[in-house]
Structure formats: structure tokens, C-alpha cells
Ligand code: SF4
């Protein structure tokens, strides 16, 4: 039970401080303090005069509950976020992910002609050299995309989270000797010289952790992405045709072998976000949705018949994978976005 001090003199509630505390009504403010009870909160009611003890206790209970909740929240300082983002920018740019490396090696086995085999071998060797010399896997170190799944029981302290993320990107690109590729304004095109600002996606989830993923996106592949607001009557075939056409138009410009991220549904911007998110799934992992899994496999087969091949020199390995994400949409629409990820499709993650 919550008890307040001093006595129930409601006329005096206006403009006075109230002490909300533990288990009994103290005889006076100093005594209340000295009694060693837990003092939860001082509340100043400037504008409101309470008319009943019931209302007052309800309000205090609310405050009490909020206080208890706050006590269970985990504090994370923005400096940790900055350091983590910096580290992930460097790691993503230097170390080719194992799933992609394995898919490239598998591609070598699948190719029958010498040229695509050689190119895939060079890509694998390039990844090893980058790893051993701690150099970027590609000269285009990308625009930093940062995804955060923030637990709702996290309290971020020490400053603004967006500033902290951008500070991390600037630090990582400087420390890692990574090329700064961002211009501050698409029309005046002056380099910001620290690769900021990042493209940041915040997502609130359960729990008390923050999961951070940094995905530096090269623009060879980014430029080849397309979005179309299809009519529902276009159906699955319309989606497939659009995806295959996008890869065909991209040709060698998307730096194949590519990963094809497809977003279906939502609104215009939502399906673009879905296509991006699809690229974060590990190559070789199955889509948990059986229908989507089958569509992915069909599309992969069709795309690999295009004979674009590694680096566009022909061959069976135009794409390493097709990944699809879907979301609810309007009865009158069928948005679809294809975001192509190049043969380095970088992403590094960490939980804090
Ligand atoms: S699209 Fe990818 S592989 Fe091609 S230049 Fe850019 S980062 Fe490098």
C-alpha cells in the first residue's frame, strides 16, 4: 500500500510536494526520511487539486508501478553503440561472410566452362587476401545501412542514439581506412568525408538487448534495383517476370553472382525495406514459408538460365540465392521491389 505525507489536507495539495513512500504514514517529513523507508518519488501537483483519497492513491499507484518498471530497465550507454557500430563497419568490409564464401565455392563446382570457374576462384581468393591483409573485400565500401532491434526494456543513456550511430560509422570508416563514399546532398554532391549519414532502421522488439547489424551497400548493385506497383491481377507470374527482367537488365552491373532480395506487399516504401531485409538472410538457409521457399527455388533456376554468369562473362552462376520477404498489403495493390546484392553482400551483426 502507498501512503502519502503529510496528512490528507487536500486543499494544500496544490503547489506542494508530496512524498510517496513505503509502508506507513510518517509523523513529519524529517521523521519519514529518518525512518529508513524507501522513498519512491517526489511529485509536484501544480495544477490539479485532488478531491478524493481514492483518486490520489490511484495516481500514486500508477507512479509506483512506473518506478518499479524503470528499475527493471537495462541502461545502455550510447558510447557502447558507437564502438559496436565502428567495429561492425570494419568487420563487414573486411571479412566475407562464410555463407557467401561457401556459395561461391559451390558455384565453382557447378560451372563447366573455364572462364566462370576462374572468376569464381578469383573472388574466393580475393576474400582470402582481404581477410589476411585486413583490407576491404571491395574498393566500394558502400553506404552504411544500420539495422537496430531495440529491446523495449532498454533505456539508452549518454546522448542521442542516431548521433551515436553516425559517430560509429565515421569512426569505423576512419579507423578501417575505408573509402568514404557518401555525398551530403544528391544535387550538390559534396563528399561528407566521414561516410555519414548512415541509413538507419529502428525496430522495437521484446527484451533488454540491442541487436545491431551493419550492412555497407555498394551502389553497383544498388543502382540496379527496381520497384513496381503491380496490380493484383498481375499475380505471382507478374512478380516473377518483374524479378527476372530486373536481373536481366542489371547484367554485369550488379557485380554477379548476386543475391536477389525481393520484397512483396506492404506499401511502396515497405516493400523496398522488405527487399533490403531479404538480403540479410544467410545464403543457403531455407525460407521457413514453404510456398515462398518454392518460389525462391523456381526463380533461382530461371535467373541462372540467363547466362549472365560471374562478372557477366557467362555461366551458370548468375545468382547465389533468391530471398523473398512478404507483408500484408492493400486489396488494390501488389507492390514488388527487387534489391540486388552483389557478390560481397556484406553484413555483420552483434548483440549488446
Ligand atoms: S556492387 Fe558490390 S562488388 Fe560491385 S563494386 Fe559495389 S561493393 Fe563492390
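Residue numbers (my numbering): 724 to 1075.
Where a beta carbon is used, it is the ideal one built from N, C-alpha and C, also for glycine.
Please read all numbers here as calculations on a predicted model, not as lab measurements.
- At least one heavy atom of the ligand SF4 falls within 7 Å of the beta-carbon of residue 944.
- Contact between residue 996 and residue 924 holds, with the beta-carbon distance rounding to 7 Å and staying under 8 Å.
- Note: residue 995 is not bridge-paired with any residue in the DSSP secondary-structure output.
- According to the DSSP assignment, residue 929 belongs to no beta strand (DSSP E), since it is labelled neither H nor E.
- Contact between residue 944 and residue 1061 does not hold, since the beta-carbon distance rounds to 11 Å and is not under 8 Å.
- Counting along the chain, no alpha helix (DSSP H) covers residue 978, and no H or E run does either.
- Listed in chain order, the alpha helix (DSSP H) elements of length 4 or more contained wholly in the segment 903 to 975 are 942 to 945 and 958 to 973.
- When the alpha-carbon of residue 921 is set against those of 938, 1057 and 1042, the nearest one is in 938.
- Restricted to the segment 1006 to 1071, the beta strand (DSSP E) segments that are unbroken, complete and at least 3 residues in length are 1042 to 1052 and 1057 to 1064, listed in chain order.
- Closer than 7 Å to some heavy atom of the ligand SF4: that does not describe the Cβ of residue 994.
- Going by beta carbons, residue 880 and residue 798 fall inside the 8 Å limit.
- At a Cβ-Cβ threshold of 8 Å, residue 986 and residue 994 count as neighbours.
- The shortest C-alpha to C-alpha distance from residue 885 to any of 932, 800, 842 and 898 is the one to 800.
- Going by DSSP, residue 874 is part of the beta strand (DSSP E) stretching over 866 to 874.
- Within the same chain, and ignoring the five residues on either side of residue 1019 in sequence, the residues whose Cβ sits closer than 7 Å to its Cβ are 1010, 1045, 1046 and 1047.
- Taking the Cα positions, residue 965 is about 42 Å away from residue 803.
- Ranked by how close their Cα comes to the Cα of residue 897, the residues 1065, 1027, 988 and 809 have 809 in first place.
- Residue 959 is classed as exposed because its beta carbon has fewer than 16 other beta carbons within 10 Å across all chains shown.
- The continuous beta strand (DSSP E) containing residue 800 extends over residues 797 to 800.
- Here residue 970 is buried, its C-beta having at least 16 other C-beta atoms within 10 Å.
- Ranked by how close their Cα comes to the Cα of residue 951, the residues 990, 1043 and 1014 have 990 in first place.
- Counting every other CB atom within 10 Å of its CB across the protein chains shown gives residue 1059 a total of 16 or more, marking it as buried.
- With contacts defined by Cβ atoms closer than 8 Å, residue 963 and residue 1022 form a contacting pair.
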